[in-house]
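Just so we're on the same page, my numbering is the position in the sequence shown counted from 1, plus 2.
Glycine included, each C-beta is placed from N, C-alpha and C at the ideal position.
Just so you know, these numbers come straight off a predicted model, no measurement behind them.
Inspection log for the structure reproduced underneath, given as structure tokens.
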Amino acid sequence: MARFLRALWGLRFLETSPWALLCRQGLGARAGHGDTGSVTKHELSLPKSEWRKRLTPEQFYVTREKGTEPPFSGIYLNNKESGMYHCVCCDSPLFSSEKKFCSGTGWPSFSEAHGTSGSDESNTGILRRVDTSLGSVRAEVLCKQCEAHLGHVFPDGPGPTGQRFCINSLALKFKPGKH
């Protein structure tokens with residue numbers, strides 16, 4: 003099965019494959035919740051050619067072309083170390099290991115972004131955008147600093163937030179230690 007999933011990785015149809023559909027849901031009661039854009043965003047704008055030089059082909063596909071890594075393939079899925087998950091593109095801190103949980107979906111999952119205060123995400127490193135690419139409405143999660151695609155957020159996570167940030171390992175860089 004692992005060999006099959008790795009073979010699928012090279013194919014560009016993953017966005018509409020059954021693997022992408024595993025994470026396909028509506029936004030429900032949390033639609034419109036959080037930051038859908040920010041005037042405080044400090045966009046790191048680089049041409050695609052520069053991103054291609056800085057990233058592996060797989061990281062480029064996920065972060066710059068809004069791709070999805072195959073489920074259960076990411077290096078951080080089972081990581082239980084204490085530390086901080088940063089954007090692989092710009093090194094912005096995004097998620098604390100304290101908020102990571104096992105969702106059983108095949109991607110690293112977090113209950114909230116680093117810097118969240120209650121329902122206020124203005125001090126986080128993420129943005130939310132409406133994503134209708136698969137024919138349903140979802141909330142895409144992007145890096146606020148460089149607009150890298152990270153994954154999606156769904157309203158079926160643990161309490162108290164009820165959120166599940168479903169994030170691609172390829173979009174992250176883990177830094178162990180205290181945060």
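Identify every residue that forms a DSSP beta bridge with residue i.
i    : result
L102 : Note that residue 102 is Lys in the sequence shown here, rather than Leu. In DSSP, K102 forms a bridge with F112.
F97  : Y87
L48  : Answer is none; L48 lacks a bridge partner.
Roughly how many angstroms separate the alpha carbons of residue i and residue j, rounded to a whole number?
i    : j    : result
H88  : S171 : 10 Å
C186 : L129 : Within the shown structure, residues of the chain are numbered from 3 to 181, placing residue 186 beyond reach of any answer.
F156 : A150 : 18 Å
T126 : S47  : 19 Å
D93  : G179 : 16 Å
K50  : T118 : 31 Å
F62  : L96  : 18 Å
Q27  : T163 : The predicted model places Q27 with a pLDDT of 29, which falls under 50 and marks its position as unreliable, so this point remains unresolved.
R140 : T134 : 6 Å
P73  : C104 : 13 Å
G137 : S98  : 31 Å
Hey, could you find the ends of the alpha helix (DSSP H) residue i is sitting in?
i    : result
K177 : Note, K177: premise wrong, no alpha helix (DSSP H); beta strand (DSSP E) at L174 to P178.
Q147 : Taken as a continuous stretch (DSSP letters only), Q147 belongs to no alpha helix (DSSP H), as it is neither H nor E.
K68  : Looking at the DSSP string, K68 is not in any alpha helix (DSSP H), and its letter there is neither H nor E.
E123 : It is not in any alpha helix (DSSP H) - E123 carries neither H nor E in the DSSP assignment.
What residue range is occupied by the uninterrupted beta strand (DSSP E) comprising residue i?
i    : result
Y78  : Neither: Y78 is in no beta strand (DSSP E) and is coded neither H nor E.
V203 : This structure gives no information on residue 203, because the portion of the chain shown stretches from 3 to 181.
V90  : Looking at the DSSP string, V90 is not in any beta strand (DSSP E), and its letter there is neither H nor E.
Measuring CA to CA, which of the options is closest to residue i?
i    : options                   : result
S121 : Q165, V132, G69 and E67   : Q165
L152 : F103, P49, K177 and C91   : C91
G69  : K175, G161 and I169       : I169
S75  : S138, A115, G106 and D158 : G106
L174 : G159, R131, S119 and L79  : L79
V132 : H154, N81 and E123        : H154
G85  : I77, W53 and K102         : K102
Would you call the stretch 109 to 124 and the stretch 54 to 68 touching, i.e. three or more CB-CB distances under 8 Å?
Too few Cβ pairs lie closer than 8 Å, so no.
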